[in-house]
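Undergrad: To convert, count from 1 in the sequence shown and add 122; that's the working numbering. To start, I am sharing the structure in question, which I have written as structure tokens.
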Amino acid sequence: MRSIALARTSSLTGRETQPLALSSPSVVGRVMGAPLAITGLGAPLGCPKSLPRTVPASPFSPCRAAPAPSTTVHNGSCWSPRGLRAMSKVENAQRYVGAPQPAPVKKDGPFFVMFWRSAVGKKWIMAVTGIMLIGFVFAHMLGNLKIFLSPSALDHYAEWLRTIGYPILPKTGVLWLMRLGLLSAVVLHIWAAASLTRMNRAARPTGYKSPREYVAADFAARTMRWTGIILTLFIIFHLLDLTWGQTGTTFDKDEVYNNIVNSFQRVPVAIAYIVANIAIAIHLYHGAWSMFQSLGINSPRFNPWRRGFAIGVASIIAVGNISIPLLVVTGVVK
């Protein structure tokens with residue numbers, strides 16, 4: 123192996139001391155990344171500017187030999203082979219090419235398009251449409267509870283819904299706008315849920331060996347897919363039954379009270395409504411809980427408030443909606 127012998131000459135005695143043996147100049151150049159500069163020896167081999175250190179008396183000494191005034195090496199590392207081997211590879215690479223820079227992110231479209239395609243955007247869509255649907259279900263329940271006041275109270279409420287904005291707007295115009303808005307919210311909600319499911323499966327095409335796909339999730343979270351399917355089927359049946367009157371009962375669009383009573387007097391229909399509303403309550407509980415996380419409002423200190431809000435919303439809507447078919451089928455409401 124080639125080596126460099128740096129002979130130290132004492133300024134006091136004039137005698138040559140023990141030489142310092144370094145590795146091959148090519149190795150030194152690769153390790154140090156700059157020529158070595160030694161004060162007092164003439165030709166500068168160059169090195170990075172740093173605190174001065176003295177050349178050791180032995181190539182394996184730990185850089186603590188007595189200093190020679192005219193032979194100072196300007197470098198922050200020990201000039202023994204052990205010191206050379208200890209140089210950081212990252213530091214050496216940066217001396218040649220600089221600090222690593224992150225690769226530029228390629229954008230495939232405007233911000234809103236990228237947000238729409240991202241998992242975060244889909245969670246936001248689910249949260250916002252979920253808030254809209256929770257608000258509608260709550261308001262719809264409050265209106266239907268007028269059945270316990272009198273038949274005329276419920277029928278007048280239904281007529282008011284059909285005439286909102288009239289005569290400025292056509293009759294039932296606002297009602298149909300609300301229906302279209304709700305339909306859009308339902309479609310977007312289902313689309314976002316299905317897209318997130320596909321993204322999760324694409325991210326891990328090979329399933330876990332464990333039969334369970336979750337680590338820590340409550341019953342409502344694990345059954346969101348199934349309660350969502352039940353809710354979708356219930357909406358279709360509910361529209362056919364009490365909006366369009368296509369389920370085989372006496373139906374008159376102006377007599378909402380009689381339509382509800384005639385429908386819920388059928389025991390299978392009443393049971394179906396009760397089961398569907400239990401599934402809705404379970405779905406609403408997890409939705410009301412997780413929508414805060416989807417919107418970024420998920421500080422642990424707010425968890426008790428979030429849980430209380432979710433339990434309260436789900437319980438109130440479940441009790442209110444289930445009470446109607448239950449009291450009709452038991453003969454309390456006639």
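From the three backbone atoms N, C-alpha and C, an ideal C-beta is built for every residue, glycine too.
Quick one: Cα of H262 to Cα of W282, how far?
TA: As a position in the sequence shown, residue 262 is number 140, starting the count at 1. As a position in the sequence shown, residue 282 is number 160, starting the count at 1. The straight-line gap from Cα to Cα measures roughly 13 angstroms.
Undergrad: Taking DSSP as the reference, what is the three-state secondary structure of D277?
TA: In the sequence shown, residue 277 corresponds to position 155, counting from 1. Here D277 carries a helix assignment [DSSP, helix/strand/coil].
Undergrad: Given a cut-off of 8 angstroms, decide if A403 and I439 are closer than it, judged by their beta-carbon atoms.
TA: The residue labelled residue 439 in the question sits at position 317 within the sequence shown. The residue labelled residue 403 in the question sits at position 281 within the sequence shown. Against a cut-off of 8 angstroms, the Cβ pair of A403 and I439 comes out as a contact.
Undergrad: Helix, strand or coil for I269 per DSSP?
TA: As a first step, residue 269 is located in the sequence shown; it is residue number 147 there, counting from the start. I269: helix per DSSP, three-state reduction.
Undergrad: Can you tell me the Cα-Cα spacing of L304 and L255, whole angstroms?
TA: As a first step, residue 304 is located in the sequence shown; it is residue number 182 there, counting from the start. As a first step, residue 255 is located in the sequence shown; it is residue number 133 there, counting from the start. Cα-Cα distance, rounded: 7 angstroms.
Undergrad: Is the region 237-251 touching the region 300-316 in the sense that three or more CB pairs, one from each, lie closer than 8 angstroms?
TA: yes
Undergrad: Ignoring anything shorter than 4 residues or poking outside the region 303-375, list the alpha helix (DSSP H) runs there in chain order.
TA: 341-344 and 346-360
Undergrad: Please check the pair F386 and P447, which I expect to be a contact at CB under 8 angstroms, by giving their CB distance rounded to whole angstroms.
TA: As a position in the sequence shown, residue 386 is number 264, starting the count at 1. As a position in the sequence shown, residue 447 is number 325, starting the count at 1. F386 to P447, Cβ: 4 angstroms. Contact.
Undergrad: Quick one: grab the DSSP three-state call for R388.
TA: Position 266 of the sequence shown, counted from the first residue, corresponds to residue 388. Coil, per DSSP.
Undergrad: DSSP three-state label for L134, please.
TA: Here residue 134 refers to the residue found at position 12 when the sequence shown is read from its first residue. Summary for L134: the model assigns pLDDT 41, below 50, so the residue's position carries little reliability, and this model does not support an answer.
Undergrad: For G265, which residues of its own chain have a beta-carbon under 7 angstroms away from its beta-carbon, when the five flanking residues on both sides are left out?
TA: The residue you call residue 265 lines up with position 143 of the sequence shown. Same-chain partners within the cutoff: Y279.
Undergrad: If the criterion is Cβ atoms closer than 8 angstroms, does the pair E377 and D230 meet it?
TA: As a first step, residue 377 must be located in the sequence shown, where it is residue number 255. As a first step, residue 230 must be located in the sequence shown, where it is residue number 108. No, they are not a contact pair.
Undergrad: Is the region 364-378 in contact with the region 421-438, if contact means three or more CB pairs nearer than 8 angstroms?
TA: no
Undergrad: Identify, in the order they occur along the chain, each residue of the same chain with its Cβ nearer than 7 angstroms to the Cβ of I269, setting aside the five sequence neighbours on each side.
TA: In the sequence shown, the residue the question calls residue 269 occupies position 147. The residues are L276, Y379, I382, I446 and V455.
Undergrad: To the nearest angstrom, report how far apart G350 and L299 are at their CA atoms.
TA: By one-based count along the sequence shown, residue 350 stands at place 228. By one-based count along the sequence shown, residue 299 stands at place 177. Rounded to the nearest angstrom, the two C-alpha atoms are 24 angstroms apart.
Undergrad: Could you work out which residue in R423, A339, F237 and V450 is closest to P390 when comparing CA atoms only?
TA: The residue labelled residue 390 in the question sits at position 268 within the sequence shown. Checking every option, the nearest Cα to that of P390 belongs to V450.
Undergrad: Roughly how many angstroms separate the alpha carbons of I393 and N399, rounded to a whole number?
TA: Your numbering for residue 393 matches position 271 in the sequence shown. Your numbering for residue 399 matches position 277 in the sequence shown. Distance between the alpha carbons of I393 and N399: 10 angstroms.
Undergrad: Express the C-alpha separation of Y395 and I444 in angstroms, rounding to a whole number.
TA: Counting from one through the sequence shown, the residue named residue 444 turns up at place 322. Counting from one through the sequence shown, the residue named residue 395 turns up at place 273. Going by the C-alpha atoms only, they are around 7 angstroms apart.
Undergrad: Could you please give the first and the last residue of the uninterrupted alpha helix (DSSP H) stretch that includes G430?
TA: One-based indexing of the sequence shown puts residue 430 at position 308. It spans N425 to V451 - the alpha helix (DSSP H) in which G430 sits, taken as one unbroken run.
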